[in-house]
Structure formats: C-alpha cells, structure tokens
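K.L.:
2 protein chains.
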Amino acid sequence: MKEKKEVLEEVIGHQFTGYYKIPIEKFFQFAVSVDCVILGYHENGLKVLLIQRGAEPHQGKMALPGDLVYPNEDLELAATRVLKELTGLDHVFMTQTRSYGQVDRHPVGRVITVGYYSLISVDRYEPLANSWADNVSWVDLDNLPGLAFDHTSIIDEALTMLRERVRHQPVGFELLPKEFTLGEMQALYENILNEKFDKANFRKRILSMGLLKDTKRMQSDVPHRPARLFTFDKEAYQNLLKKGTNFEF
Amino acid sequence: MKEKKEVLEEVIGHQFTGYYKIPIEKFFQFAVSVDCVILGYHENGLKVLLIQRGAEPHQGKMALPGDLVYPNEDLELAATRVLKELTGLDHVFMTQTRSYGQVDRHPVGRVITVGYYSLISVDRYEPLANSWADNVSWVDLDNLPGLAFDHTSIIDEALTMLRERVRHQPVGFELLPKEFTLGEMQALYENILNEKFDKANFRKRILSMGLLKDTKRMQSDVPHRPARLFTFDKEAYQNLLKKGTNFEF
DNA sequence: AATCTTATAGTAATATTTACTATTAGAACA
DNA sequence: TGTTCTAATAGTAAATATTACTATAAGATT
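Line by line, the protein sequences are chains A and B. Here the numbering used here is used: the first residue of the first sequence is 6, the next is one more, and so on. Here the numbering used here is used: the first residue of the second sequence is 6, the next is one more, and so on.
1) Listing by chain order, which chain A residues have their CB less than 9 Å from the CB of B:Asp40?
2) Closer than 8 Å, Cβ to Cβ, to anything on chain A: give me those residues from the stretch 110-127 of chain B, in chain order.
3) Where B:Glu162 and A:Leu69 are concerned, what is the direct C-alpha to C-alpha distance, given to the nearest angstrom?
4) How is A:Met190 classed by DSSP in three states: helix, strand or coil?
5) Please confirm whether A:Glu131 and A:Gly93 have their CB atoms less than 9 Å apart.
6) Distance cutoff 9 Å, beta carbons only. Does A:Ala68 sit that close to anything in chain B?
7) I'd like the span of the beta strand (DSSP E) that includes A:Tyr122, first residue to last.
8) Using a Cβ-Cβ cut-off of 9 Å, state whether A:Phe154 counts as contacting chain B.
9) Between which two residues does the alpha helix (DSSP H) carrying A:Asn259 extend?
10) Buried or exposed: where does A:Phe35 fall if 16 or more other Cβ atoms within 10 Å of its Cβ makes it buried?
11) Thinking C-alpha only, which one of B:Val74, B:Ile160, B:Lys218 is nearest B:Lys52?
12) Rounded to a whole number of angstroms, what is the C-alpha to C-alpha distance between B:Gly249 and B:Phe154?
13) To the nearest angstrom, report how far apart B:His63 and B:Arg115 are at their CA atoms.
14) Compare the C-beta of B:Thr236 with all C-beta atoms of chain A and state if any pair is closer than 9 Å.
15) Taking A:Gly106 as the query, report the chain B residues whose CB atoms sit under 8 Å from its CB, ordered along the chain.
16) Give me the Cα-Cα distance between B:Asn135 and B:Asp109, rounded to the nearest whole angstrom.
17) CA-CA distance, A:Leu212 and B:Gly106?
18) Quick one: which chain B residues come within Cβ less than 9 Å of A:Gln101?
19) Taking only the alpha-carbon atoms, compute the straight-line gap between B:Phe252 and A:Glu179 and give it to the nearest angstrom.
20) Rounded to whole angstroms, what is the Cα-Cα separation between B:Gly45 and B:Glu81?
21) Nearest-angstrom Cα distance between A:Glu30 and B:Thr157?
22) Could you tell me which chain B residues have their CB closer than 7 Å to the CB of A:Gln34, listed as they occur along the chain?
23) Within 10 angstroms of the Cβ of B:Ala84, are there 16 or more other Cβ atoms? Answer buried if so, exposed if not.
24) With burial defined as no fewer than 16 other Cβ atoms inside 10 Å of the residue's Cβ, what is the status of B:Gly151: buried or exposed?
25) Are the Cβ atoms of A:Gln57 and A:Asp147 separated by less than 9 Å?
26) Would you mind telling me which residues of chain A sit closer than 7 Å to B:Ile280, beta carbon to beta carbon, in chain order?
27) With burial defined as no fewer than 16 other Cβ atoms inside 10 Å of the residue's Cβ, what is the status of B:Pro76: buried or exposed?
28) Report buried or exposed for A:Arg222, applying the criterion of at least 16 other Cβ atoms within 10 angstroms of its Cβ.
29) Rounded to the nearest angstrom, what separates B:Ala232 and B:Gln224 at their Cα positions?
30) Distance check for A:Asn244 and A:Asp219, CA to CA, integer angstroms please.
31) Any Cβ of chain A within less than 9 Å of the Cβ of B:Arg172?
32) Can you give the beta carbon distance from A:Gln101 to B:Arg103, rounded, assuming they're within the 8 Å contact cut?
33) By how many angstroms is the C-alpha of B:Leu217 removed from the C-alpha of B:Arg210?
34) Roughly how many whole angstroms lie between the Cα atoms of A:Tyr122 and B:His47?
35) Tell me whether A:His229 is buried or exposed, calling it buried when 16 or more other Cβ atoms sit within 10 Å of its Cβ.
36) If you measure from the beta carbon of B:Leu246 to each beta carbon in chain A, is any gap under 9 Å?
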C-alpha cells in the first residue's frame with residue numbers, strides 16, 4: 006500500500022506540506038453516474054434489461070441503462086431520468102443497491118456509479134431504445150454477454166440482493182403479471198431460489214400469508230384443468246407491515 | 006419538477022442546444038466523501054462512535070467520522086484511512102451501506118457521501134481523537150444530539166439494516182467481548198430487537214445453532230451463580246456458510 | 001447455614017412443517 | 001359422449017419445532 010504522503014502528492018501535484026494545505030477544489034474532480042438494474046421474469050427465466058451503447062466509452066457493448074448525473078440533480082431523479090431517456094420506461098420504482106468506485110473503472114476520469122434496481126413485470130412495459138442507446142432488450146441472466154464497465158458485478162450483486170430479499174419480502178408479485186396462478190408463482194420462486202418445492206405445501210404456505218386475493222376467475226386456453234387466478238393484495242400487505250409482522254418465505 | 010431543458014441550462018450556464026453539446030468536463034464537479042457508522046454495545050445500550058468536528062463546515066457539531074475521498078483513492082481504502090485518521094481505529098472491517106446525494110447536503114459544493122458501517126466490541130478498541138477531530142466518543146443511540154449534515158438519517162438507516170441483519174446473520178457476536186455469557190447475549194438481542202425472550206428458550210435456540218464454543222470457564226466476581234463463558238465458533242460458522250444453510254434467529 | 005440471584009435442566013402442550021395420497025376438473029381426442 | 005391427459009386442489013398423518021412453563025443447581029453474600 007502506498008504511503009499517505011505519496012498518495013497526496015499524486016493528487017495535489019506537488020510536495021505535500023500538511024493536511025490543510027490541499028485546496029478543496031482538488032477534491033471536486035469526480036463525476037457520478039447511475040446504473041439501473043431492471044429485472045424481469047419471462048418464459049421461466051430471470052431477465053435483465055440491457056442497452057447497446059451507442060456512445061463511447063465501450064461503444065457497441067451491452068450495458069446497464071446508466072449515465073452521468075448532472076451536478077445539480079438528485080440521485081433518484083437522475084436514475085428515473087436516465088432510465089426513461091434510454092429505454093422509455095417510466096413510473097418504475099427503483100431502490101438503491103450500492104455504489105461502485107474503483108479508481109480505474111471509467112476510462113475518462115474518476116466516476117463513481119450508484120446502482121439502482123427494480124423488479125418489474127415484463128408484460129406491463131414496452132422498452133424502446135432512445136437517446137444514445139442503440140438497442141434495448143431483455144437478456145437472459147444465465148446467458149449474459151461481456152458487459153461494459155463493471156456492470157457484470159453490479160448485476161451479480163443485485164441478484165444476490167434479490168435472492169436474499171425474496172425470502173423476507175413478498176417481492177415475487179412484482180415480477181408476475183397482474184393476475185397469476187399459484188403454479189406460475191411456484192415456478193418463479195423455484196427459479197429465483199433454484200430449489201424445488203412440493204406443490205401442495207407451496208400452495209398452503211403462500212395462501213396462509215393472506216396476501217393473495219382470489220379473482221374468482223380462471224385461466225383459459227390451457228390444455229388441462231385451468232387454475233384459479235390471483236392478484237396481490239396490497240391492502241393486506243400494508244396492514245401486515247403496519248402490524249410489524251415479519252414476512253418469511 | 007423542472008423541465009429537462011431548464012435543468013441542463015442551469016448546469017451548462019448557457020442555452021441548451023442538444024444532448025451531446027454538454028462538454029464532459031461539466032460533469033466532473035462532484036466531490037465524494039465516506040462516512041463511517043461504527044456501532045458498539047456497552048452497558049446495555051447500543052452506541053455509535055462520533056467525533057466532534059474541529060473544521061468547517063459544521064465546526065463544533067458532532068458527526069460521523071468521515072471525510073473527502075482523494076480523486077485517486079478507492080472508496081474502501083478511503084473509509085479505512087479516514088476512520089483511522091480521525092479516531093485511531095484500525096483493522097475495522099466495514100461494509101458499505103448506501104450513498105447519499107441530496108443536492109444541498111453540503112454547503113461547499115456537490116458532495117456525494119458513501120456510508121460504511123461496522124459492528125465492533127467496545128472494549129477491544131481505544132478511540133483517540135486525531136487530525137481535525139476535536140473529540141471522539143461513544144454516544145448512546147437513544148440520546149443522539151443534532152448532528153452535522155444528514156448524519157442522523159445515515160445512522161438511522163444503518164440501524165434499520167442492523168435490525169434486519171441480526172435476524173438472518175449471527176452479528177451479535179461482533180458486538181460482544183470475546184468471551185460472553187448467554188445472559189449477555191440475550192440482553193443484547195433484546196436490546197437490538199426491543200423484545201423480551203424467555204430465558205430457557207433463548208438458550209436452546211442460540212445453542213442449537215452450534216455456533217458457540219464452550220470455553221469451560223466461568224464468570225467470576227459476580228454476586229450470584231456464575232455463568233459459563235462462550236466464544237463465537239468461527240469455524241463452525243464458515244462451515245454453515247459453505248453448506249449454504251441459512252441462519253435464522 | 002440461610003438467603004439471594006441467576007444459571008441450567010427438563011417437560012408437556014401446542015403449533016408448524018413435511019411428505020405424502022387421493023380426488024377433481026377442464027381440454028382434447030377418439 | 002366418454003375416455004384420457006394434465007395439472008389443480010383437498011386432505012392427512014407423522015415428524016419437528018416452538019412455547020410456556022416448573023424445578024433444580026450453584027456460587028456469592030450475609
């Protein structure tokens with residue numbers, strides 16, 4: 006590890022003579038970006054929304070939708086703006102994952118990126134490439150190409166977060182269509198957690214949470230006995246949260 | 006919400022004529038800081054390590070140990086360096102919480118701060134104020150004074166994280182002395198989770214995890230039957246992690 | 001030696017989870 | 001129209017885990 010003195014002298018460009026001697030402007034050399042990990046579920050697989058970069062650096066490579074934050078812009082707003090500009094997606098509620106700040110992660114200068122993630126229902130949105138994005142597409146998580154910057158590890162960590170979260174919060178619902186069957190729900194859980202469950206027990210477990218509302222309607226156009234359609238009972242979930250009851254799958 | 010065009014024009018200082026017209030240097034106006042939330046447990050209460058600021062802004066106020074990151078310094082290293090410089094604490098393993106980027110959170114300019122947190126055993130470290138810190142002390146979390154910047158909410162979120170984590174990871178051990186009794190352990194859990202447990206059942210639950218090593222030694226100088234002393238069995242925990250067994254309290 | 005406090009052991013009732021089996025119902029086809 | 005397919009739904013008995021207790025043990029203090 007470099008000595009503190011050496012490090013400082015590299016920064017300030019001349020010999021270091023004391024802590025308070027570094028002019029504060031020397032610290033204002035960073036740029037900040039946001040990167041959005043939008044996860045979806047389709048055809049029995051988890052997908053992530055990627056763009057093809059139509060601008061340097063890493064032009065042509067696939068990447069997370071992300072861009073630099075304006076110096077007078079809040080981070081959350083930046084994430085919302087960037088996602089909309091590049092993919093057309095609006096009204097997507099994202100939460101921060103964490104920040105990535107490797108010194109050499111960006112070729113142009115020191116850029117810290119802040120990760121945001123969201124789970125969405127693939128069929129409720131229609132991504133459309135825009136601005137400097139040459140393309141937008143849902144890419145299978147088991148089959149990711151080489152990505153720009155450190156985006157592969159940003160996705161990996163978001164995924165770890167999802168697997169952790171799915172056990173303690175009813176996040177599955179966000180990834181399914183508005184109405185879904187218990188079979189679909191089970192397939193989703195099995196996919197995320199990479200684990201098989203007993204069908205009858207899975208049903209009991211999920212139903213006993215009291216977070217599903219029976220629509221009284223049935224699947225149609227299936228070549229077998231159709232299953233009941235459910236929706237997520239938001240109200241019941243709010244009540245559960247208020248009571249402080251902690252959800253466990 | 007401001008229109009994009011207006012926002013841009015504020016940033017670039019002249020009329021906006023198209024996305025690619027903003028020179029990239031305009032984006033490199035940020036500074037980045039790290040703030041360390043060091044939590045400890047002492048005399049039946051959770052504490053956080055705070056400094057008294059001996060420098061502007063917010064001179065004189067209590068604050069988290071934190072400072073600006075050098076433009077050529079990795080975030081983790083910065084956190085380690087800053088903590089050591091201000092409080093003398095070394096070899097503290099911290100993990101990132103999240104970043105805070107409100108536009109007006111710092112009076113000098115646009116400063117994004119990255120939160121780091123750690124749980125430590127109060128009696129294993131000897132904090133000592135240094136550099137521009139006028140003072141270091143363990144402050145009771147139930148009795149926090151007004152803090153500099155947005156540090157109160159950084160602490161609040163770290164605390165929420167701790168309460169979440171304590172249910173799924175054996176973090177309690179980090180906060181206790183190397184050797185501890187089951188009674189101390191129970192008091193800690195009750196304190197963090199603000200909930201009482203049945204003594205006999207708590208013992209069974211904790212022991213059945215198989216993460217405690219019996220030292221065969223006893224408490225001394227207590228005015229009652231002395232309790233057995235335990236240590237955390239790191240090896241057993243590693244094995245548990247390898248097997249992928251998920252810890253639940 | 002009596003008394004205090006807290007540790008430790010044990011247990012019975014209750015609740016939850018698990019591993020099953022059995023039955024049901026719509027669609028498709030003969 | 002009934003036979004067959006597939007997956008949904010219902011039910012249950014054994015095994016496990018949790019909970020709410022009671023009883024006993026042991027060192028320190030008086």
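C-beta atoms are modelled at their ideal positions from N, C-alpha and C, and glycine is treated no differently. All values derive from a computational prediction rather than experimental measurement.
P.N.:
Based on what the coordinates show:
1) The residue labelled residue 40 of chain B in the question sits at position 35 within the second sequence. The premise fails here: B:Asp40 is roughly 12 Å from chain A at the closest Cβ pair, so nothing lies under 9 Å.
2) Val113, Gly114, Arg115, Ile117, Val119
3) If you number the second sequence from 1, residue 162 of chain B lands on position 157. If you number the first sequence from 1, residue 69 of chain A lands on position 64. Straight-line Cα distance between these residues: approximately 27 Å.
4) For the purposes of this step, residue 190 of chain A is taken as the residue at position 185 of the first sequence. In this structure, A:Met190 counts as helix in the three-state DSSP scheme.
5) Position 126 of the first sequence, counted from the start, is the residue given in the question as residue 131 of chain A. Position 88 of the first sequence, counted from the start, is the residue given in the question as residue 93 of chain A. Yes, they are a contact pair.
6) If you number the first sequence from 1, residue 68 of chain A lands on position 63. No, because no Cβ of chain B sits closer than 9 Å to the Cβ of A:Ala68.
7) Counting from one through the first sequence, the residue named residue 122 of chain A turns up at place 117. That run of the beta strand (DSSP E) goes 116-124.
8) Here residue 154 of chain A refers to the residue found at position 149 when the first sequence is read from its first residue. It does not: the Cβ of A:Phe154 has no partner Cβ on chain B nearer than 9 Å.
9) A query on residue 259 of chain A cannot be resolved here, the shown segment of chain A reaching from 6 to 254 and no further.
10) Translated into positions along the first sequence, residue 35 of chain A becomes position 30. A:Phe35 should be labelled buried.
11) By 1-based counting over the second sequence, the position of residue 52 of chain B is 47. Out of B:Val74, B:Ile160, B:Lys218, B:Ile160 has the C-alpha closest to the C-alpha of B:Lys52.
12) Here residue 249 of chain B refers to the residue found at position 244 of the second sequence. Here residue 154 of chain B refers to the residue found at position 149 of the second sequence. Roughly 40 Å separates the two Cα atoms.
13) For the purposes of this step, residue 63 of chain B is taken as the residue at position 58 of the second sequence. For the purposes of this step, residue 115 of chain B is taken as the residue at position 110 of the second sequence. In a straight line, the C-alpha of B:His63 is about 16 Å away from that of B:Arg115.
14) Counting from 1 along the second sequence, the entry for residue 236 of chain B is found at position 231. Closer than 9 Å: no.
15) Along the first sequence, one-based indexing puts residue 106 of chain A at 101. Neighbours of A:Gly106 on chain B, chain order: Val37, Val74, Asp79, Leu80, Val119.
16) Residue 135 of chain B sits at position 130 when you count from the first residue of the second sequence. Residue 109 of chain B sits at position 104 when you count from the first residue of the second sequence. Near 28 Å, if we compare the C-alpha coordinates of B:Asp109 and B:Asn135.
17) The count along the first sequence starts at 1 and reaches residue 212 of chain A at position 207. The count along the second sequence starts at 1 and reaches residue 106 of chain B at position 101. One C-alpha to the other measures close to 40 Å.
18) For the purposes of this step, residue 101 of chain A is identified with residue 96 of the first sequence, where counting begins at 1. Within 9 Å Cβ-Cβ: Arg103, Ser104.
19) Here residue 252 of chain B corresponds to residue number 247 of the second sequence, with the count starting at 1. Here residue 179 of chain A corresponds to residue number 174 of the first sequence, with the count starting at 1. Going from the Cα of B:Phe252 to the Cα of A:Glu179 covers about 26 Å.
20) Stepping through the second sequence from its first residue, residue 45 of chain B is reached at position 40. Stepping through the second sequence from its first residue, residue 81 of chain B is reached at position 76. For B:Gly45 and B:Glu81, the distance between alpha carbons rounds to 21 Å.
21) Taking the first residue of the first sequence as 1, we reach residue 30 of chain A at position 25. Taking the first residue of the second sequence as 1, we reach residue 157 of chain B at position 152. Those two C-alpha atoms are separated by around 27 Å.
22) Residue mapping note: residue 34 of chain A aligns to position 29 of the first sequence, counting from 1. Ordered by position in chain B, the residues that pass the 7 Å Cβ test against A:Gln34 are Phe33, Pro76.
23) Here residue 84 of chain B refers to the residue found at position 79 when the second sequence is read from its first residue. Buried: at least 16 other Cβ atoms inside 10 Å.
24) Sequence index remark: in the second sequence, residue 151 of chain B carries index 146 (1-based). Classification for B:Gly151: exposed.
25) For the purposes of this step, residue 57 of chain A is taken as the residue at position 52 of the first sequence. For the purposes of this step, residue 147 of chain A is taken as the residue at position 142 of the first sequence. No. Outside cutoff.
26) Since the first residue of chain B shown is 6 and the last is 254, residue 280 of chain B is not available in this structure.
27) For the purposes of this step, residue 76 of chain B is identified with residue 71 of the second sequence, where counting begins at 1. Flag for B:Pro76 reads buried.
28) To locate residue 222 of chain A, count along the first sequence from 1; it is residue 217. With fewer than 16 other Cβ atoms within 10 Å, it is exposed.
29) Walking along the second sequence from the start, residue 232 of chain B turns up at place 227. Walking along the second sequence from the start, residue 224 of chain B turns up at place 219. Spanning the two alpha carbons is a distance of roughly 5 Å.
30) The sequence position of residue 219 of chain A within the first sequence is 214, counting from 1. The sequence position of residue 244 of chain A within the first sequence is 239, counting from 1. Whole-angstrom Cα-Cα distance: 18 Å.
31) For the purposes of this step, residue 172 of chain B is identified with residue 167 of the second sequence, where counting begins at 1. Interface residue, yes.
32) For the purposes of this step, residue 101 of chain A is taken as the residue at position 96 of the first sequence. For the purposes of this step, residue 103 of chain B is taken as the residue at position 98 of the second sequence. A:Gln101 to B:Arg103, Cβ: 5 Å. Contact.
33) Counting from one through the second sequence, the residue named residue 210 of chain B turns up at place 205. Counting from one through the second sequence, the residue named residue 217 of chain B turns up at place 212. Each residue's Cα considered, the two are about 11 Å apart.
34) Residue numbering aside, residue 122 of chain A sits at position 117 when the first sequence is read from its first letter. Residue numbering aside, residue 47 of chain B sits at position 42 when the second sequence is read from its first letter. C-alpha separation (whole angstroms): 37 Å.
35) Counting from 1 along the first sequence, the entry for residue 229 of chain A is found at position 224. Exposed: under 16 other Cβ atoms inside 10 Å.
36) The residue labelled residue 246 of chain B in the question sits at position 241 within the second sequence. Not closer than 9 Å to any Cβ of chain A, the Cβ of B:Leu246 fails to qualify, so no.
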